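Data block below; observations after.
Number of protein chains: 2
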Amino acid sequence: MSLNQAKKTVTLADVARVAGISKTTASHALSGKGWVSAATRETVVRVASEMGFEVDPLARLLSNGRSEKTIGFFTLDIDLSSRTRQMQIIQAQLNDMGYSVPIYAYGYRGRDALENQLELMNNLLAQRPRAIVCNTSGVRDEVLERLQKFVDEGGVAVCYGYSRSAPVRCDQVIYAEGESHYLAARHLIELGHRDIGLFNVGYRKPAKPFLTEVQRALGEVGAQTREKWLFGNDGTRRYEEDGARLGDEFLALKSRPSAMIVANDYAAVAFMARVTRGGISIPENLSVVGHDDDAIAPFGVVALTTISSSIEAVTVSVIELLNSRLLRDYSGEPRLVTVRGELVVRDSTAAPR
Amino acid sequence: MSLNQAKKTVTLADVARVAGISKTTASHALSGKGWVSAATRETVVRVASEMGFEVDPLARLLSNGRSEKTIGFFTLDIDLSSRTRQMQIIQAQLNDMGYSVPIYAYGYRGRDALENQLELMNNLLAQRPRAIVCNTSGVRDEVLERLQKFVDEGGVAVCYGYSRSAPVRCDQVIYAEGESHYLAARHLIELGHRDIGLFNVGYRKPAKPFLTEVQRALGEVGAQTREKWLFGNDGTRRYEEDGARLGDEFLALKSRPSAMIVANDYAAVAFMARVTRGGISIPENLSVVGHDDDAIAPFGVVALTTISSSIEAVTVSVIELLNSRLLRDYSGEPRLVTVRGELVVRDSTAAPR
DNA sequence: CTGAAAGCGCTTACAG
DNA sequence: CTGAAAGCGCTTACAG
């Protein structure tokens with residue numbers, strides 16, 4: 039709008055003037071701090087509501103420090119998976135506790151260059167929230183350093199993410215990703231599989247904890263992974279599209295593994311559909327295990343065996359850690375909670391051949 | 039943290055003192071506004087960075103009005119569907135244009151009581167963003183009134199949502215939901231179906247534009263909907279769960295329709311899986327059409343025929359409307375852009391029997 | 001119980 | 001080119 043017709047909003051001073059008292063008293067009356075006679079308070083409250091007065095949170099913040107009722111949520115990617123559902127649940131719970139919980143996210147996967155991440159964190163920090171919940175998945179160390187500073191200055195932060203604990207001295211809950219993949223591999227091995235392929239989302243090839251844990255499981259029975267059967271992607275597409283591509287690559291294989299571990303249920307469901315239509319029947323010719331136990335898992339071409347990533351448990355822990363700091367004033371050492379996945383057997387896995 | 043050891047952060051005044059100049063000049067040097075000698079500017083910039091100075095956005099805001107570089111995103115529900123992908127894309131584009139785009143959402147479906155909605159909007163407004171993008175789906179009029187006030191005060195807002203244009207005098211893009219369902223119904227009717235069932239998410243029964251448009255299509259061939267075949271839900275579960283329940287209800291039906299229009303692809307996919315395992319084959323015994331063309335649509339038990347909700351088109355329009363106001367300083371009358379869905383035929387529909 | 005005054009950290013006319 | 005001063009809208013010792 040070119041004409042900045044900003045209607046003068048009503049301020050505390052206006053209220054005070056109309057009510058015939060000082061700003062100080064008006065402030066006290068409205069906030070409930072300090073002493074004010076019942077009569078005065080009543081007048082002020084009435085006048086304020088008549089005039090449509092609302093305190094400017096900015097001014098309040100500037101004059102008194104931290105924003106007590108807001109908790110910032112930092113996450114790089116809001117994907118269409120249980121992970122986002124998890125964020126929602128955390129947010130909902132905090133809302134119920136009376137906090138405002140704006141989400142600082144940066145578009146979708148593949149856009150989170152360091153510079154963008156830093157800016158995002160700075161924007162969040164600028165709100166001076168009471169606390170910060172940080173999904174550390176994909177977050178760079180430089181960004182976590184800023185978070186560390188926030189903590190050092192007396193802010194409370196709770197981080198959650200995969201495998202490695204983030205380099206921040208704050209409460210954390212981590213999901214033991216490697217162990218989960220180990221579970222998946224063990225399940226397949228016990229069924230008799232030795233030729234196992236891997237697919238990871240967001241990495242060119244299955245990376246660290248995923249790959250090594252599957253190799254460990256395989257090693258226990260004298261088997262190993264094969265380079266040809268290691269798949270990944272660049273993490274910019276949707277899970278289903280990645281899964282379908284994987285299906286194409288799989289169908290093009292000269293020699294195929296008898297089982298696939300696909301690190302995302304949506305990708306796994308799309309993969310199964312593509313491969314089934316390519317003539318492979320699951321689980322007769324191919325076993326598939328997913329990851330996350332997303333809502334879609336039971337409803338694909340065949341009900342998907344998967345690893346529950348304990349969305350629930352992570353959520354509960356995050357809230358609990360936060361509560362102990364916020365409500366119970368706990369101020370001890372940072373705590374680390376580890377959550378494990380569980381195997382959920384459905385119909386997509388069976389003995390090979 | 040009980041001991042509020044907040045390290046004194048460095049302020050503009052500190053920088054000015056160390057650089058041996060006034061706050062005014064320091065401010066000018068840093069912001070690039072007003073005249074400052076090159077030498078002074080250089081000194082100030084160096085000192086500032088040495089001291090790790092960063093302007094407090096709050097103070098800046100309080101002293102100069104609106105927050106130029108932030109655009110607030112208001113949406114009630116971040117569901118796990120294309121709708122969220124759409125939000126991400128809009129956010130990403132705005133990020134690329136240099137805006138910070140915090141998301142103000144309120145947990146998940148079913149939690150958005152008026153009171154909560156209002157508070158959410160107030161929190162967003164408190165940021166004094168340059169602009170607001172508002173997904174009006176499910177948003178109450180009282181909340182939109184607040185948004186109207188924002189617009190009246192010179193803020194720019196763009197709303198987008200289903201069917202009805204929101205009661206706000208601002209640019210809007212609406213998705214013609216009713217027409218889309220009409221398309222779905224026509225498609226089925228042309229295939230020969232007369233017995234069509236409906237499922238809507240978030241409503242107890244298929245509501246206004248959905249129901250009436252399907253009835254219109256049916257009316258054109260002298261057919262009509264049947265009360266028994268109208269399904270809905272309360273909108274608090276995940277789409278897949280809703281779809282599975284629908285499947286159970288469908289299987290329990292004494293007489294069944296020959297086709298179902300399911301207003302969400304995830305629900306439709308789960309519905310198909312459940313019903314298929316219950317012995318119904320699609321499309322031989324039952325045709326199904328979904329809605330949204332979500333990423334999952336092609337990958338269920340059978341590839342789903344659906345209506346694309348033109349996520350892309352909505353996104354483009356929202357950005358364009360925003361740009362014309364923000365970049366090109368357009369300040370004319372509010373504009374209304376209508377976007378239509380398109381039928382995407384896949385394998386879940388065929389002639390009945 | 002009430003109020004004058006200082007202060008939060010910046011920006012911006014306005015006067016040199 | 002530079003700076004003293006007022007102001008953004010509130011809160012909070014501190015003094016009545």
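Residue numbers (the numbering used here), protein chains in the order written: chain S, 39 to 391; chain V, 39 to 391.
Note that CB positions come from ideal geometry on N, CA and C, so glycine has one too.
Given the structure is predicted, the values throughout are model-derived calculations rather than measurements.
Counted within 10 angstroms of its Cβ, other Cβ atoms place residue i as buried (16 or more) or exposed
{"i": "residue 363 (chain S)", "result": "buried"}
{"i": "residue 114 (chain S)", "result": "buried"}
{"i": "residue 95 (chain S)", "result": "buried"}
{"i": "residue 274 (chain S)", "result": "exposed"}
{"i": "residue 286 (chain V)", "result": "exposed"}
{"i": "residue 367 (chain V)", "result": "exposed"}
{"i": "residue 302 (chain S)", "result": "buried"}
{"i": "residue 129 (chain S)", "result": "buried"}
{"i": "residue 174 (chain S)", "result": "buried"}
{"i": "residue 391 (chain V)", "result": "exposed"}
{"i": "residue 73 (chain V)", "result": "exposed"}
{"i": "residue 179 (chain V)", "result": "exposed"}
{"i": "residue 47 (chain S)", "result": "exposed"}
{"i": "residue 196 (chain V)", "result": "buried"}
{"i": "residue 169 (chain V)", "result": "buried"}
{"i": "residue 259 (chain V)", "result": "exposed"}
{"i": "residue 236 (chain V)", "result": "buried"}
{"i": "residue 238 (chain S)", "result": "buried"}
{"i": "residue 42 (chain V)", "result": "With a pLDDT of 33 at residue 42 (chain V), under the threshold of 50, the modelled position of this residue cannot be trusted; read the value that follows with caution. Its Cβ having fewer than 16 others within 10 Å, residue 42 (chain V) is exposed."}
Simplified DSSP state of residue i, which is helix, strand or coil
{"i": "residue 44 (chain S)", "result": "Reliability of the predicted coordinates at residue 44 (chain S) is poor, the pLDDT of 39 falling under 50, and the value obtained from them is presented with this limitation in mind. Coil, per DSSP."}
{"i": "residue 141 (chain S)", "result": "strand"}
{"i": "residue 278 (chain S)", "result": "helix"}
{"i": "residue 303 (chain S)", "result": "helix"}
{"i": "residue 381 (chain S)", "result": "strand"}
{"i": "residue 49 (chain V)", "result": "coil"}
{"i": "residue 63 (chain V)", "result": "helix"}
{"i": "residue 330 (chain V)", "result": "strand"}
{"i": "residue 392 (chain V)", "result": "Residue coverage of chain V in this structure runs from 39 to 391, which leaves residue 392 (chain V) outside it and unanswerable."}
{"i": "residue 308 (chain V)", "result": "helix"}
{"i": "residue 289 (chain S)", "result": "helix"}
{"i": "residue 370 (chain S)", "result": "coil"}
{"i": "residue 297 (chain V)", "result": "strand"}
{"i": "residue 56 (chain S)", "result": "helix"}
{"i": "residue 375 (chain S)", "result": "strand"}
{"i": "residue 39 (chain V)", "result": "Because residue 39 (chain V) sits at a pLDDT of 30, beneath the cut-off of 50, its placement in the model cannot be relied upon, and the point is left open."}
Delimiting residues of the alpha helix (DSSP H) encompassing residue i
{"i": "residue 110 (chain S)", "result": "Premise fails: residue 110 (chain S) lies in the beta strand (DSSP E), 105 to 112, not in any alpha helix (DSSP H)."}
{"i": "residue 101 (chain V)", "result": "95 to 102"}
{"i": "residue 326 (chain S)", "result": "Unbroken run through residue 326 (chain S) is the beta strand (DSSP E), 325 to 327; no alpha helix (DSSP H)."}
{"i": "residue 82 (chain S)", "result": "76 to 89"}
{"i": "residue 160 (chain V)", "result": "152 to 164"}
Extent of the continuous beta strand (DSSP E) to which residue i belongs
{"i": "residue 237 (chain V)", "result": "234 to 237"}
{"i": "residue 168 (chain S)", "result": "167 to 173"}
{"i": "residue 127 (chain S)", "result": "Careful: residue 127 (chain S) lies outside any beta strand (DSSP E), inside the alpha helix (DSSP H) at 120 to 134."}
{"i": "residue 416 (chain S)", "result": "Absent from the model: residue 416 (chain S). The displayed extent of chain S is 39 to 391, so no value can be given."}
{"i": "residue 362 (chain S)", "result": "Element bounds for residue 362 (chain S): not the beta strand (DSSP E) but the alpha helix (DSSP H), 349 to 364."}
Contact belief for residue i with residue j at Cβ below 8 Å, rounded distance in angstroms
{"i": "residue 139 (chain S)", "j": "residue 112 (chain S)", "result": "The pair is not a contact, with the Cβ atoms about 11 Å apart (cut-off 8 Å)."}
{"i": "residue 377 (chain V)", "j": "residue 206 (chain V)", "result": "Rounded, the Cβ-Cβ distance is 18 Å, inconsistent with contact."}
{"i": "residue 234 (chain S)", "j": "residue 226 (chain S)", "result": "6 Å"}
{"i": "residue 282 (chain V)", "j": "residue 306 (chain V)", "result": "11 Å between Cβ atoms; not a contact."}
{"i": "residue 304 (chain V)", "j": "residue 270 (chain V)", "result": "Actually they are not in contact, since the Cβ atoms of residue 304 (chain V) and residue 270 (chain V) sit about 16 Å apart, beyond 8 Å."}
{"i": "residue 61 (chain V)", "j": "residue 50 (chain V)", "result": "6 Å"}
{"i": "residue 188 (chain V)", "j": "residue 163 (chain V)", "result": "6 Å"}
{"i": "residue 382 (chain S)", "j": "residue 343 (chain S)", "result": "7 Å"}
{"i": "residue 81 (chain S)", "j": "residue 57 (chain S)", "result": "5 Å"}
{"i": "residue 108 (chain S)", "j": "residue 186 (chain S)", "result": "Going by Cβ atoms, the distance from residue 108 (chain S) to residue 186 (chain S) rounds to 20 Å, so no, they are not a contact pair."}
Within the stretch 182 to 265 of chain S, ranges of the beta strand (DSSP E) (whole runs, at least 3 residues): With a minimum length of 3 residues, the unbroken runs of beta strand (DSSP E) contained wholly in the stretch 182 to 265 of chain S fall at 194 to 200, 209 to 213, 234 to 237.
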